[in-house]
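Trainee: Chains as they are written, first to last, in our numbering: chain H, 1 to 516; chain W, 1001 to 1516. We treat Cβ as the ideally placed atom computed from N, Cα and C, and that holds for glycine. Dumping the structure here so I can ask a few things about it.
There are 2 protein chains.
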Amino acid sequence: MNGAEILVQTLLANGIDTCFANPGTSEMHFVAALDRNRAMRCVLGLFEGVVTGAADGYYRMKERPAATLLHLGPGLGNGIANLHNARKAQSGILNIVGEHVTTHLPLDPPLAADIAGLARPVSAWVKTATDAASIAPLTAEAIAAIAGPPPAIATLILPGDAAWGTAEAKAATTAPAARPRKRVASDVIDKAARLLRSGEPTLVILAGPALKGAALDRAGEIAGKTGVRIATQFFSARLERGAGRVPVERIPYAVDQALAMLKPFRHIITVCTEEPIAFFAYPGKPSRLKPEGCDVLALCTMEDDCAAALADLAAAIGAQDTDRVVQPAAEKRRPSGALNAENLAQAMLATMPEGCILVDESVTTGRESFGVTAGAAPHDNIQNMGGSIGFGTPLATGAAIACPDRPVLAIVGDGSAMYTIQSLWTQVREGLNVTTVICANRSYQILKNEFKAVGAGVPGSNALSMLDIANPTLDFVSLAKGMGMSGTRVATAEDLCRAIERGFADSGPTLIEAQL
Amino acid sequence: MNGAEILVQTLLANGIDTCFANPGTSEMHFVAALDRNRAMRCVLGLFEGVVTGAADGYYRMKERPAATLLHLGPGLGNGIANLHNARKAQSGILNIVGEHVTTHLPLDPPLAADIAGLARPVSAWVKTATDAASIAPLTAEAIAAIAGPPPAIATLILPGDAAWGTAEAKAATTAPAARPRKRVASDVIDKAARLLRSGEPTLVILAGPALKGAALDRAGEIAGKTGVRIATQFFSARLERGAGRVPVERIPYAVDQALAMLKPFRHIITVCTEEPIAFFAYPGKPSRLKPEGCDVLALCTMEDDCAAALADLAAAIGAQDTDRVVQPAAEKRRPSGALNAENLAQAMLATMPEGCILVDESVTTGRESFGVTAGAAPHDNIQNMGGSIGFGTPLATGAAIACPDRPVLAIVGDGSAMYTIQSLWTQVREGLNVTTVICANRSYQILKNEFKAVGAGVPGSNALSMLDIANPTLDFVSLAKGMGMSGTRVATAEDLCRAIERGFADSGPTLIEAQL
Chain H
1 MNGAEILVQT LLANGIDTCF ANPGTSEMHF VAALDRNRAM RCVLGLFEGV
51 VTGAADGYYR MKERPAATLL HLGPGLGNGI ANLHNARKAQ SGILNIVGEH
101 VTTHLPLDPP LAADIAGLAR PVSAWVKTAT DAASIAPLTA EAIAAIAGPP
151 PAIATLILPG DAAWGTAEAK AATTAPAARP RKRVASDVID KAARLLRSGE
201 PTLVILAGPA LKGAALDRAG EIAGKTGVRI ATQFFSARLE RGAGRVPVER
251 IPYAVDQALA MLKPFRHIIT VCTEEPIAFF AYPGKPSRLK PEGCDVLALC
301 TMEDDCAAAL ADLAAAIGAQ DTDRVVQPAA EKRRPSGALN AENLAQAMLA
351 TMPEGCILVD ESVTTGRESF GVTAGAAPHD NIQNMGGSIG FGTPLATGAA
401 IACPDRPVLA IVGDGSAMYT IQSLWTQVRE GLNVTTVICA NRSYQILKNE
451 FKAVGAGVPG SNALSMLDIA NPTLDFVSLA KGMGMSGTRV ATAEDLCRAI
501 ERGFADSGPT LIEAQL
Chain W
1001 MNGAEILVQT LLANGIDTCF ANPGTSEMHF VAALDRNRAM RCVLGLFEGV
1051 VTGAADGYYR MKERPAATLL HLGPGLGNGI ANLHNARKAQ SGILNIVGEH
1101 VTTHLPLDPP LAADIAGLAR PVSAWVKTAT DAASIAPLTA EAIAAIAGPP
1151 PAIATLILPG DAAWGTAEAK AATTAPAARP RKRVASDVID KAARLLRSGE
1201 PTLVILAGPA LKGAALDRAG EIAGKTGVRI ATQFFSARLE RGAGRVPVER
1251 IPYAVDQALA MLKPFRHIIT VCTEEPIAFF AYPGKPSRLK PEGCDVLALC
1301 TMEDDCAAAL ADLAAAIGAQ DTDRVVQPAA EKRRPSGALN AENLAQAMLA
1351 TMPEGCILVD ESVTTGRESF GVTAGAAPHD NIQNMGGSIG FGTPLATGAA
1401 IACPDRPVLA IVGDGSAMYT IQSLWTQVRE GLNVTTVICA NRSYQILKNE
1451 FKAVGAGVPG SNALSMLDIA NPTLDFVSLA KGMGMSGTRV ATAEDLCRAI
1501 ERGFADSGPT LIEAQL
């Protein structure tokens, strides 16, 4: 059996049955092995940022890694920005990066590059197969590294001769069972319980797996029992929210607003996260956002079992199921009038069906939407943990592959959408139920705000030319058409509601350019 | 004066007056400094692969570096593939990569990444400014590193506080003069002269600066005097060719064809390059392409003065101006009929005006064109030295910025074009005279060939799904329209000729989808 086939079979034996790919010559044996291993679903992206972002979206919804197939150093390079975002979201991904044949590499052919050097900044594990026989054990090792906890990215570099060389066929190698998440020590639980009972102003900040399922329910019971507030950082990897779920506040992006929100607290309890910090530093403003005198208790890290920790904490303070704070359903009024950030959010509230996956890369426009959609039908909210834009449309693609029965709504800034616009093509090719709303404000609006925030003064014409993207106007309906996707342009909230509903009703993907 | 302004002034003082940019928050002070330093032309790209590829194209035509402005690690990541290509082309580029404020970075904010780690694989020089005062000397050091020889890429990492901090304003710091290229020793010249006089079959392989101007003329005189053949590698960074210039053969891409071409030679003389090797390794085929018993003499490396070496060699064998082999003008017949690789090449021959800059990323389709266009009007041919696709449209953008009075023709495969399609927007924004012909064969045709070449057999349906990009069909006319560019679709050679001519006649950019 050749190395490529051993690799595909090892992936399948370990439950990795989806591969987002943009292959080249060095990956052709892997591609050939797909014909003999049809259980592996291979999804083509026309650009590697689509591939890696889709793998991130897949993991966030499926909680199981996908593989990526990338062509040498430059192929990996194109995928780095969304691997950065995935790393910060602690998504598990197995990158398979082709490499030149071992004897060819020292000749420094055109595509030779330091693949391992490029992989390390975005990978917890990087190794190179030496031959076909090394592939199964290395793949198992990579999969174990991905499992964590915390989950991580592994990059397996696969030279052409390892892929086409042969090794003895044997039973597929399975990765060792993932290390269980650690149980939080009782003294930490007790300390947290004492804080909660003290009546002093306390904020519980949740992240990662604490924003889902039983863990979130326990947090809601703790809040109901004690009156403490619970919040997320500004960005969350995946947040279950909406009517009937536990409502969670969001620490604002803008430093002054975040300081104001956090000012009342004497204690912060962190769950799978750290104390809140500013996204960027600004002259004369603090990087750490907690008020002076506020202490921070880490209830658990990403290596710990947060569901158990929150259950132990709830038990310690006597919080019960009936204490749980629950988000009431919001009244869904269909908004009207010329589109703006406020009625765009109301349109989301009015149209999102239960089970919707909302991928939020709306940048400036969508900051309004978080509050408005709190009482929407129960849905998942996926955000950009790494801050590198161009994440929305790839993530939506991968989330839709992971959850074919759930509609995906991607709200994406126009500037952001252009980094990885090739995602639309994959969505059409795979017939994914993704509705993409482009917030077309025709500028890097966030940078206009940031320009002031960093104390750079008032932008003149030369500076503004770096912040405006209105010349020429981006026509997203034509861009979608160019990739085989139907699109529509709307300027009113009524039309936006109708267009989103049509998008959900259509089994395939749709693009809506929302003119703001 | 703040650090960002010191940086811009240092760049201008050293002749760097063009900056390809995709800035973010950490680069806002640099953007603000543009308002007070209007001599700096800043060109916005909607994706960093456009930015870095344009800087490469600019260097290849201008032989002077541009700066790039990139946002943190992920922004650099998006630019890596075209920096890889630029590195292999030995183009000089100064990357300016914003970084978090020094005190903020240790808090590991979302966008924190190992910028230096990502930069090193594509940069000869990587340093981080420590404060505003460090910027001028570091920039001068970077510019010296870029000058080489050989020319190289430098990456200056610029923390926010270094950009907004102030330092004493003084006279702008200029980089030390570039090291002169080395003169090749006379014994090497003599050895080469003896080879040439021996009458034994000898191939001279030229690359880099040897493919232009006086160096190429001397090579043509040597060939005329001795009958030796002169060739390029399959890819060249920039080749001056066409009627009246010295004709140069091209070593084929396919291994068997390359072996056949090289078989007759007993000696190879390399000029600014190495012995020919295969692009990829294939089972049972050699990586080194020269025949057994063929020796290789390096006349000069990229650090040497190749024009002087070729002049010395010409003098040593008594070659004179009148010996020079000169390419006769080809008869320009307008081709007709359904488009194919052959008449597409004839259309290029028929339409390219003198001074045209031809950026060739035609991959499989365009391999035919090199021979056909040998006798075209004098032009420059720019090729992909690093082999990472997605280089054509960004390179064309940068070449057009460098040479506003020369028309640019970019011949790009459909698969390749999709990696960096955002280039079209910058071409419209800057009003560049770029005519882009998309070779729309609707597949990664090269991979279908490579699939067989690596011995992977015959692709089945699952494998073919990774090689075909016909589902859905890419409509490049709509994609162009989406970025404000007029486009046309042609299926015959007659229509292609007319469309290319209209493209050249129009002062702005045009896209032509050539259906093959």
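Looking at the structure shown, is Cys294 of chain H part of a helix, part of a strand, or coil, going by DSSP?
Mentor: Reduced to three states, the DSSP call for Cys294 of chain H is coil.
Trainee: Quick check on DSSP: helix, strand or coil for Val326 of chain H?
Mentor: Note: Val326 of chain H maps to coil in three-state DSSP.
Trainee: Quick one: does Val1101 of chain W have its CB under 8 Å from some CB of chain H?
Mentor: It does: the Cβ of Val1101 of chain W has a partner Cβ on chain H nearer than 8 Å.
Trainee: On the criterion of 16 or more Cβ atoms from any shown chain inside 10 Å, does Glu5 of chain H qualify as buried, or is it exposed?
Mentor: Glu5 of chain H comes out buried.
Trainee: My output table needs one value for Glu1501 of chain W: the three-state DSSP class, helix, strand or coil.
Mentor: In the structure shown, Glu1501 of chain W sits in a helix (DSSP, three-state: H, G or I).
Trainee: With 9 Å as the limit, tell me which residues of the region 417-431 of chain H have their beta carbon closer than that to any beta carbon of chain W; keep them in chain order.
Mentor: Going along the region 417-431 of chain H in chain order, one finds Met418, Tyr419, Thr420, Ile421, Gln422, Trp425, Val428, Arg429 with a Cβ nearer than 9 Å to chain W.
Trainee: For Thr174 of chain H, which option in H:Asn37, H:Met466, H:Ile16, H:Ile277 has the closest C-alpha, if you only look at C-alpha atoms?
Mentor: It is H:Ile16.
Trainee: Going by beta-carbon coordinates alone, are Pro945 of chain W and Met1302 of chain W separated by less than 8 Å?
Mentor: What the structure shows of chain W is the stretch from 1001 to 1516, and residue 945 of chain W is not part of that stretch, so it cannot be assessed.
Trainee: Is Phe235 of chain H close to chain W, meaning its C-beta is less than 8 Å from at least one C-beta of that chain?
Mentor: For Phe235 of chain H, the answer is yes, since a Cβ of chain W falls inside 8 Å of its Cβ.
Trainee: Along chain W, which residues have their Cβ under 9 Å away from the Cβ of Pro109 of chain H?
Mentor: Within 9 Å Cβ-Cβ: Ile1277, Ala1278, Phe1279, Phe1280, Ala1281, Ser1287, Gly1387.
Trainee: Do Leu1299 of chain W and Val1188 of chain W count as a contact pair if the criterion is CB distance below 8 Å?
Mentor: Their beta carbons are under 8 Å apart, which means Val1188 of chain W touches Leu1299 of chain W by this criterion.
Trainee: Which residues in chain W sit within 8 Å of Ala463 of chain H, going by Cβ to Cβ distance?
Mentor: Within chain W, the residues near Ala463 of chain H are Val1031, Ala1032, Leu1034, Asp1035.
Trainee: I need the straight-line Cα distance from Pro264 of chain H to Val246 of chain H, nearest angstrom please.
Mentor: Looking at the two C-alpha atoms, the distance is approximately 22 Å.
Trainee: Taking Cβ to Cβ, would you say Gln422 of chain H is nearer than 8 Å to Met485 of chain H?
Mentor: No. Outside cutoff.
Trainee: In three-state DSSP terms, what is His1071 of chain W?
Mentor: Here His1071 of chain W sits in coil by DSSP.
Trainee: Which chain W residues sit within Cβ distance under 8 Å of Val454 of chain H?
Mentor: Per Cβ cutoff of 8 Å: Thr1025, Met1028, His1029, Gly1160, Trp1164.
Trainee: Step through the CB atoms of chain A and report whether any lies within less than 8 Å of the CB of Asp1475 of chain W.
Mentor: Within the model displayed, chain A is absent; protein chains H and W are what it includes.
Trainee: Leaving out the 5 sequence neighbours to the left and right, which residues in its chain are closer than 7 Å to Asn384 of chain H when beta-carbon positions are compared?
Mentor: Asn85, Phe235, Glu361, Phe391, listed in sequence order.
Trainee: Under 8 Å between the Cβ atoms of Gly1431 of chain W and Ala1319 of chain W?
Mentor: Contact flag unset, no.
Trainee: What are the residues that DSSP puts in a beta bridge with Val1050 of chain W?
Mentor: Its beta-bridge partners do not exist; DSSP assigns none.
Trainee: Residues of chain H with CB under 8 Å from Ala1081 of chain W, in chain order?
Mentor: Correct list: Pro74, Gly75, Gly77, Asn78.
Trainee: Are the CB atoms of His267 of chain H and Thr202 of chain H nearer to each other than 8 Å?
Mentor: Their beta carbons are under 8 Å apart, which means His267 of chain H touches Thr202 of chain H by this criterion.
Trainee: Evaluate the contact criterion for the region 1121-1129 of chain W versus the region 1153-1171 of chain W: three or more CB pairs, one atom per stretch, below 8 Å.
Mentor: Output reads yes: the region 1153-1171 of chain W touches the region 1121-1129 of chain W.
Trainee: Can you pull the chain H neighbours of Met1352 of chain W, defined as C-beta to C-beta under 7 Å?
Mentor: None at all; the shortest Cβ gap to chain H is about 26 Å.
Trainee: Under 8 Å between beta-carbons, which chain W residues line up against Arg38 of chain H? List them in chain order, please.
Mentor: Those are Asn1462, listed as they occur along chain W.
Trainee: Using a cut-off of 7 Å between C-beta atoms, extract the partners of Ala1113 of chain W located in chain H.
Mentor: Per Cβ cutoff of 7 Å: His84, Pro121.
Trainee: So, is the C-beta of Ala231 of chain H closer than 8 Å to a C-beta in chain W?
Mentor: For Ala231 of chain H, the answer is no, since every Cβ of chain W falls outside 8 Å of its Cβ.
Trainee: Straight-line CA distance for Gly293 of chain H to Gln257 of chain H?
Mentor: For Gly293 of chain H and Gln257 of chain H, the distance between alpha carbons rounds to 19 Å.
Trainee: For Phe1020 of chain W, which of helix, strand or coil comes out of DSSP?
Mentor: Note: Phe1020 of chain W maps to strand in three-state DSSP.
Trainee: Would you report the Cα separation of Val1326 of chain W and Ile1135 of chain W, rounded to the nearest angstrom?
Mentor: Near 49 Å, if we compare the C-alpha coordinates of Ile1135 of chain W and Val1326 of chain W.
Trainee: Output needed for Val1204 of chain W: all residues of its chain with C-beta closer than 6 Å, excluding positions within five of it in sequence on either side, in chain order.
Mentor: Cβ neighbours of Val1204 of chain W beyond the five flanking positions: Val1228, Ile1230, Ile1269.
Trainee: How about Pro328 of chain H and Gly387 of chain H: do their beta carbons lie closer than 8 Å?
Mentor: In this structure, Gly387 of chain H does not lie closer than 8 Å to Pro328 of chain H by Cβ.
Trainee: For Thr103 of chain H, does the three-state DSSP call read helix, strand or coil?
Mentor: In the structure shown, Thr103 of chain H sits in coil (DSSP, three-state: anything other than H, G, I, E or B).
Trainee: Would you say Gly457 of chain H faces chain W, with C-beta separation under 8 Å as the test?
Mentor: Answer yes: the Cβ-Cβ gap between Gly457 of chain H and chain W drops below 8 Å somewhere.
Trainee: Pick out whichever of W:Leu1395, W:Ala1193, W:Arg1241, W:Arg1038 has its Cα sitting closest to the Cα of Gly460 of chain H.
Mentor: Nearest of W:Leu1395, W:Ala1193, W:Arg1241, W:Arg1038 to Gly460 of chain H, Cα basis: W:Arg1038.
Trainee: Please confirm if Ile251 of chain H has its CB atom under 8 Å from at least one CB of chain W.
Mentor: No, Ile251 of chain H lies away from the interface with chain W (no Cβ there is under 8 Å from its Cβ).
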